[in-house]
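Using full-length UniProt numbering, the first residue of the sequence shown is number 1, and each one after it goes up by one. Every residue gets a Cβ at the ideal spot worked out from N, C-alpha and C, and that includes glycine. Computed from a predicted model, the values in this text were never measured in an experiment. I have placed the structure first, in the form of C-alpha cells, so that the comments after it can refer back to it.
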Amino acid sequence: MDMMGSALVIGSIPGLLMAGWLIGKIGRRCSLVVAVVPGMLGWLTIALAPDPTLLIVGRFLDGITAGMVSLAVITYATEIPDTRHRGSFGTIVCLMFLFGAGVCVCLGISLTWYQVAFVNVGVLLVYMIAIVPCLPESPTFLAVTNQTKEARDVLLRLRGADADVDGEIQLLKNLNQINGGSSRWGALLNCENMKRILLMSVLFFIQNFSGTSAVRVNATRILETSGVELDKDTSTILLFTVPIFGAFVLTLLVDRLGRRVCLVASLIPMMLAYCVLGFYIKFSHHSINFATLDPLDINLTNYTQDTQLTNSLDNKWSMVPLACLVVSIFAMNIGIESLPYHLASELFPTTIRSQAMCVCTVIGSVTSSAALQLYSPMQNLLGPAGLYWTYGAVSALGVPFTLLFVPETARQAVG
Numbered sequence: 001m002d003m004m005g006s007a008l009v010i011g012s013i014p015g016l017l018m019a020g021w022l023i024g025k026i027g028r029r030c031s032l033v034v035a036v037v038p039g040m041l042g043w044l045t046i047a048l049a050p051d052p053t054l055l056i057v058g059r060f061l062d063g064i065t066a067g068m069v070s071l072a073v074i075t076y077a078t079e080i081p082d083t084r085h086r087g088s089f090g091t092i093v094c095l096m097f098l099f100g101a102g103v104c105v106c107l108g109i110s111l112t113w114y115q116v117a118f119v120n121v122g123v124l125l126v127y128m129i130a131i132v133p134c135l136p137e138s139p140t141f142l143a144v145t146n147q148t149k150e151a152r153d154v155l156l157r158l159r160g161a162d163a164d165v166d167g168e169i170q171l172l173k174n175l176n177q178i179n180g181g182s183s184r185w186g187a188l189l190n191c192e193n194m195k196r197i198l199l200m201s202v203l204f205f206i207q208n209f210s211g212t213s214a215v216r217v218n219a220t221r222i223l224e225t226s227g228v229e230l231d232k233d234t235s236t237i238l239l240f241t242v243p244i245f246g247a248f249v250l251t252l253l254v255d256r257l258g259r260r261v262c263l264v265a266s267l268i269p270m271m272l273a274y275c276v277l278g279f280y281i282k283f284s285h286h287s288i289n290f291a292t293l294d295p296l297d298i299n300l301t302n303y304t305q306d307t308q309l310t311n312s313l314d315n316k317w318s319m320v321p322l323a324c325l326v327v328s329i330f331a332m333n334i335g336i337e338s339l340p341y342h343l344a345s346e347l348f349p350t351t352i353r354s355q356a357m358c359v360c361t362v363i364g365s366v367t368s369s370a371a372l373q374l375y376s377p378m379q380n381l382l383g384p385a386g387l388y389w390t391y392g393a394v395s396a397l398g399v400p401f402t403l404l405f406v407p408e409t410a411r412q413a414v415g
C-alpha cells in the first residue's frame, strides 16, 4: 500500500529533472505537450496491467508526467498574470488538480479502475491536441530569451492595448539582470540562491512531515484506525470535497492576505486538529484491547447498563476523528499544501526559475516520498497517537519558521 502511494512521487523526480531542462530550452508550452507522453503510457499500462508490479510501473510513469506538468504549469501560472493576480493564478493550479482528482474518485464509484485509466488516456489526448496548442507562450520566457516582438504580442493579448507592455518587458529584463542574468545551472550556486533553496527545503520538509502527503494518501486508513464507521465511498468523496473548498478559499485570500499569513493560518489549525486526534485515539474506548482484560464476576444487569452507557459515549464522540481530519485537510489546503510550490516559482528570476524550481520540487518529492514510506513504520513505532502528535509538532514549528524566514512575495514583481 505504501509503495502504491510512493510510486507516483518517486516517478515525479526524473520528471522534474527533465522538465527543469526542457522548459528552459523549448519553452513552457512545448514542454506541456512533451510531458503528456509518459502519462499516456502510464495510464495504458495501468488499464492493461495483469499484475500489481505493472500497476506500480504505470504509477511511476504517471509520476514522470506529474513532475513535468507540475513544474511547467506552476512556472507558466507565475509568468502569465500581472503582479496583482499572480497568487490567485498559482493557487488555481492546485484547485484544478484537486478537482480532477475528485472527478477521478467519483468516476471510480461507478466505473472499474481500468475503465477510469482509459478515461484518463482520453483526457490526456484532448489536453495535448485541443488545449495546449491554444495557449500563448510565457511572455516572460520570450522576453528573457530576446524574443521581444513575440513577448510584446503576447502581452498585448493578455493585458490589452492600453497596457504599458514595453515597460513590463523592460522591467522583466532588468529584474533578471539584477538577479544575475545567467541561465546556467551553476547560477544556483550563487550565495543568495543557495539561501533560497535552503529556505524552500525546510518549507517542503514542514509541508510533508506535518502530514499533508500521508493524510492525503491514507485518509481512509486513518478513519478506520480511528474507529469511524463510514461507508468508504462516502468518506472518500467527503475527503476530496474538503480540499477543493480549502483551495478555493486560498484562491480568494492569497493575494489579499499574503503568502505568510496564509501559511500561518494553515499550520495553526492543523496543529490543533492533530493534537485533538492524537488525544482521542490515545484515550478513546476503542483503543482498549479487551481481549487482554481478565473477566469480571459482575451482575449481568449492571454489565448491560455499563455497556449501553459506554456505547452511548462512543457514539457521542465517534465523529471527533472525522472532524479533526476534515479540519486538518481544509487547513492544509489554505496554505501549506500548495504555497511552497508557488513560493519556489516566485523567489527565483526567470533565467534560472526552471532549474531552481526543479531542485526545490525534487526536494519536495523526496520528502513527500519519505513521509509516505515512513507512515507505517512511524505508526508502528510511535503508535497512531504519537504519529499525529509528531505531525502537530512539525506544524507548530512551521509557524515561527514562516514568520522569521519566509519572505512575502504578494504584489511584488518577480523576474
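Taking 7 Å as the cut-off, the beta carbon of Ser201 is found no closer than this to the beta carbon of Ala273.
When rounded, the separation of the alpha-carbon atoms in Leu125 and Leu71 is 20 Å. Within 10 angstroms of the beta-carbon of Gln207 lie 16 or more other beta-carbons, which makes it buried. By the criterion of a C-beta distance shorter than 8 Å, Val276 is surrounded in its chain by Val320, Cys324, once the five residues flanking it on both sides are discounted.
Bounds of the alpha helix (DSSP H) holding Met378 are 375-405.
Shortest Cα-Cα distance from Asp62 to any of Gly392, Gly42, Tyr388, Phe248 involves Gly42. When DSSP states are grouped into helix, strand and coil, Phe60 belongs to the helix group. Cβ-Cβ distances below 7 Å link Asn218 to Tyr375 in the same chain, with the five nearest sequence neighbours on each side left out; the list follows chain order.
With contacts defined as CB atoms closer than 7 Å, Leu172 and Ala143 qualify as a contacting pair. Approximately 5 Å separates the beta-carbon atoms of Leu250 and Ile334; this is inside 8 Å, confirming the contact. For Asp153, the uninterrupted alpha helix (DSSP H) run begins and ends at 148-159, by DSSP. Take the alpha-carbon of Gly386 and the one of Leu188: they are about 38 Å apart. Boundaries cannot be given for Cys134, as no alpha helix (DSSP H) includes it and DSSP labels it neither H nor E. The beta carbon of Ala7 lies closer than 7 Å to those of Ile56, Arg59, Phe60, Gly63 in the same chain, with the five residues before and after it left out.
By the Cβ criterion, the stretch 115-123 is in contact with the stretch 42-53, since at least three pairs of Cβ atoms, one from each stretch, lie closer than 8 Å. Counted as a single uninterrupted DSSP element, the alpha helix (DSSP H) harbouring Pro38 occupies residues 28-48.
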